[in-house]
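Per our numbering, the sequence shown starts with residue 475, numbered consecutively. Just below is one structure, and these are the notes that go with it.
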Amino acid sequence: MNKLRFDQLSALSDDARLSPRLRMNHNIHSDLSDPVQRLAIAMEPDTYIRPHRHMETWELLTALRGRFIVLTFDDEGVVINRAILGEEDSVIETPVAGWHAVLSLDTDAVIFEVKQGPYKAFKEEDFAPWSPAADDDNHKVLMHWYRDAQVGQRWSGC
(Lines of atoms letter the chains of each structure in order from A and count residues from 1; the text may use other names and numbers.)
(Lines give C-alpha, C1' and ligand atoms only; values in the text may rest on other atoms or scores of the structure.)
Protein backbone atom coordinates (compact mmCIF):
# COMPACT_ATOMS: atom_id res chain seq x y z
CA MET A 1 0.00 0.00 0.00
CA ASN A 2 1.34 3.41 -0.95
CA LYS A 3 0.49 6.26 1.36
CA LEU A 4 1.50 9.80 2.19
CA ARG A 5 1.53 10.83 5.85
CA PHE A 6 0.98 14.36 7.15
CA ASP A 7 4.52 14.49 8.54
CA GLN A 8 5.78 13.72 5.03
CA LEU A 9 3.95 16.83 3.75
CA SER A 10 5.95 18.95 6.18
CA ALA A 11 9.22 17.34 5.12
CA LEU A 12 8.28 17.84 1.46
CA SER A 13 7.59 21.53 2.12
CA ASP A 14 10.95 21.85 3.90
CA ASP A 15 12.65 20.35 0.82
CA ALA A 16 10.73 22.71 -1.48
CA ARG A 17 11.90 25.79 0.43
CA LEU A 18 15.51 24.61 -0.03
CA SER A 19 15.10 23.81 -3.73
CA PRO A 20 16.21 26.42 -6.30
CA ARG A 21 12.82 25.99 -8.04
CA LEU A 22 10.95 26.29 -4.70
CA ARG A 23 9.00 23.09 -5.29
CA MET A 24 9.46 19.40 -4.65
CA ASN A 25 7.41 16.35 -5.52
CA HIS A 26 6.76 13.02 -3.84
CA ASN A 27 5.59 10.29 -6.21
CA ILE A 28 2.96 7.85 -5.01
CA HIS A 29 3.31 5.80 -8.20
CA SER A 30 6.23 3.43 -8.16
CA ASP A 31 7.64 4.02 -11.63
CA LEU A 32 7.69 6.81 -14.22
CA SER A 33 6.25 4.33 -16.71
CA ASP A 34 3.12 3.71 -14.58
CA PRO A 35 -0.10 4.28 -16.54
CA VAL A 36 -1.40 6.68 -13.86
CA GLN A 37 0.95 9.26 -12.35
CA ARG A 38 0.06 10.31 -8.77
CA LEU A 39 2.15 12.82 -6.88
CA ALA A 40 2.15 15.41 -4.14
CA ILE A 41 3.94 18.64 -5.04
CA ALA A 42 5.02 21.12 -2.38
CA MET A 43 5.04 24.60 -3.94
CA GLU A 44 6.18 27.82 -2.39
CA PRO A 45 4.52 31.08 -3.52
CA ASP A 46 7.51 32.18 -5.63
CA THR A 47 7.73 28.98 -7.70
CA TYR A 48 6.92 29.62 -11.35
CA ILE A 49 4.62 27.19 -13.09
CA ARG A 50 4.79 28.35 -16.68
CA PRO A 51 1.52 28.00 -18.60
CA HIS A 52 1.68 24.61 -20.27
CA ARG A 53 -0.39 21.78 -21.65
CA HIS A 54 -0.29 18.02 -21.78
CA MET A 55 -1.10 16.92 -25.31
CA GLU A 56 -2.03 13.36 -24.39
CA THR A 57 -3.60 13.56 -20.95
CA TRP A 58 -5.97 15.37 -18.65
CA GLU A 59 -4.70 16.55 -15.25
CA LEU A 60 -6.58 16.41 -11.96
CA LEU A 61 -5.51 18.67 -9.07
CA THR A 62 -6.60 18.99 -5.45
CA ALA A 63 -5.10 20.90 -2.52
CA LEU A 64 -3.71 18.81 0.33
CA ARG A 65 -2.54 21.85 2.27
CA GLY A 66 -2.82 25.56 1.47
CA ARG A 67 -4.43 27.39 -1.44
CA PHE A 68 -3.63 27.52 -5.15
CA ILE A 69 -4.88 29.59 -8.04
CA VAL A 70 -5.37 27.41 -11.11
CA LEU A 71 -5.91 29.25 -14.37
CA THR A 72 -6.83 27.71 -17.71
CA PHE A 73 -6.32 29.63 -20.94
CA ASP A 74 -7.28 29.54 -24.58
CA ASP A 75 -4.59 29.51 -27.27
CA GLU A 76 -4.27 33.32 -27.15
CA GLY A 77 -3.73 33.53 -23.39
CA VAL A 78 -7.30 34.51 -22.43
CA VAL A 79 -8.38 33.09 -19.06
CA ILE A 80 -11.25 30.67 -19.62
CA ASN A 81 -11.44 29.30 -16.07
CA ARG A 82 -10.18 30.34 -12.65
CA ALA A 83 -10.25 28.17 -9.55
CA ILE A 84 -8.90 28.65 -6.05
CA LEU A 85 -8.13 25.17 -4.78
CA GLY A 86 -8.26 24.83 -1.01
CA GLU A 87 -10.63 27.78 -0.64
CA GLU A 88 -13.45 27.90 -3.19
CA ASP A 89 -12.83 24.63 -5.04
CA SER A 90 -11.61 21.23 -3.94
CA VAL A 91 -10.82 19.52 -7.27
CA ILE A 92 -10.22 20.74 -10.79
CA GLU A 93 -9.59 18.74 -13.93
CA THR A 94 -7.84 20.29 -16.92
CA PRO A 95 -8.78 18.60 -20.20
CA VAL A 96 -6.32 17.08 -22.66
CA ALA A 97 -4.30 19.85 -24.36
CA GLY A 98 -5.73 22.53 -22.04
CA TRP A 99 -3.34 25.41 -21.29
CA HIS A 100 -3.04 25.88 -17.54
CA ALA A 101 -0.88 27.35 -14.78
CA VAL A 102 -0.80 27.13 -11.00
CA LEU A 103 0.18 29.68 -8.36
CA SER A 104 0.72 28.73 -4.73
CA LEU A 105 -0.80 31.34 -2.45
CA ASP A 106 0.59 29.96 0.80
CA THR A 107 3.92 28.93 2.28
CA ASP A 108 4.09 25.16 2.85
CA ALA A 109 1.26 24.50 0.37
CA VAL A 110 1.01 21.02 -1.16
CA ILE A 111 -1.07 20.09 -4.19
CA PHE A 112 -1.91 16.57 -5.36
CA GLU A 113 -1.76 15.79 -9.07
CA VAL A 114 -3.12 12.81 -10.99
CA LYS A 115 -2.64 12.31 -14.74
CA GLN A 116 -2.20 9.54 -17.24
CA GLY A 117 1.27 8.10 -17.63
CA PRO A 118 3.84 7.30 -18.52
CA TYR A 119 5.75 10.40 -17.47
CA LYS A 120 6.84 12.60 -20.35
CA ALA A 121 9.28 15.46 -19.90
CA PHE A 122 8.14 18.86 -21.15
CA LYS A 123 9.29 20.05 -24.55
CA GLU A 124 9.37 23.72 -25.52
CA GLU A 125 6.17 23.34 -27.58
CA ASP A 126 4.35 22.24 -24.40
CA PHE A 127 4.74 25.75 -22.98
CA ALA A 128 2.45 28.62 -23.99
CA PRO A 129 4.33 30.66 -26.60
CA TRP A 130 2.91 33.88 -25.14
CA SER A 131 4.44 33.18 -21.70
CA PRO A 132 7.93 34.10 -20.46
CA ALA A 133 10.45 31.33 -19.91
CA ALA A 134 11.59 30.59 -16.37
CA ASP A 135 14.92 32.34 -16.98
CA ASP A 136 13.14 35.52 -18.14
CA ASP A 137 12.54 37.88 -15.20
CA ASN A 138 9.20 38.85 -16.77
CA HIS A 139 7.82 35.60 -15.36
CA LYS A 140 7.56 37.44 -12.03
CA VAL A 141 5.16 39.95 -13.61
CA LEU A 142 3.07 37.08 -15.02
CA MET A 143 2.93 35.41 -11.60
CA HIS A 144 1.74 38.66 -10.05
CA TRP A 145 -0.93 38.87 -12.78
CA TYR A 146 -2.11 35.32 -11.94
CA ARG A 147 -3.30 36.50 -8.51
CA ASP A 148 -6.02 38.77 -9.88
CA ALA A 149 -6.57 37.43 -13.40
CA GLN A 150 -10.24 36.86 -14.13
CA VAL A 151 -12.13 34.92 -16.78
CA GLY A 152 -12.06 36.88 -20.03
CA GLN A 153 -8.78 38.67 -19.32
CA ARG A 154 -5.76 38.12 -21.53
CA TRP A 155 -2.13 38.13 -20.53
CA SER A 156 -0.59 40.79 -22.74
CA GLY A 157 3.03 40.45 -21.75
CA CYS A 158 5.32 43.02 -20.24
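Using N, Cα and C, we set each Cβ at its ideal position, and we do this for glycine too. In this text, all values refer to a predicted model and were calculated from it rather than measured experimentally.
With a cut-off of 8 angstroms on the beta carbons, I'd call residue i and residue j a contact; round off their distance for me.
i, j, result
"Glu587", "Leu535", "6 angstroms"
"Gly572", "Thr546", "5 angstroms"
"Ala623", "Val553", "5 angstroms"
Return the residue from the list the options that minimises the CA-CA distance to residue i.
i, options, result
"Asp600", "Arg527, Arg491 and Asp488", "Arg527"
"Leu513", "Tyr593, Gly626, Lys597 and Ile554", "Tyr593"
"Leu648", "Val552, Ser504 and Asp582", "This structure does not reach residue 648, given that the chain is present from 475 up to 632, and the question cannot be answered."
"Arg524", "Gly551, Asn501 and Asn499", "Gly551"
"Met475", "Arg495, Met498, Ile502 and Leu496", "Ile502"
"Pro509", "His618, Arg628, Lys589 and Ala608", "Lys589"
"Asp563", "Ser504, Phe542, Val570 and Asp580", "Phe542"
"Leu559", "Glu598, Asp610, Asp580 and Asp549", "Asp580"
"Gln627", "Asp610, His500 and Asn555", "Asn555"
What does the Cβ neighbour count give for residue i, buried or exposed, with the cut at 16 atoms within 10 Å?
i, result
"Tyr620", "buried"
"Lys477", "exposed"
"Leu506", "exposed"
"Phe596", "exposed"
"Met529", "exposed"
"His574", "buried"
"Arg497", "buried"
For residue i versus residue j, is the C-beta distance shorter than 8 angstroms?
i, j, result
"Gly631", "Ser578", "no"
"Gln482", "Gly591", "no"
"Ala557", "Ala516", "no"
"Val576", "Val544", "yes"
"Leu486", "Val584", "yes"
"Thr568", "Glu533", "yes"
"Thr521", "Arg479", "no"
"Pro606", "His613", "yes"
key: Ranges of the beta strand (DSSP E) found wholly within the stretch 480-556, counting only runs of at least 3   = 497-501, 510-517, 533-539 and 542-547
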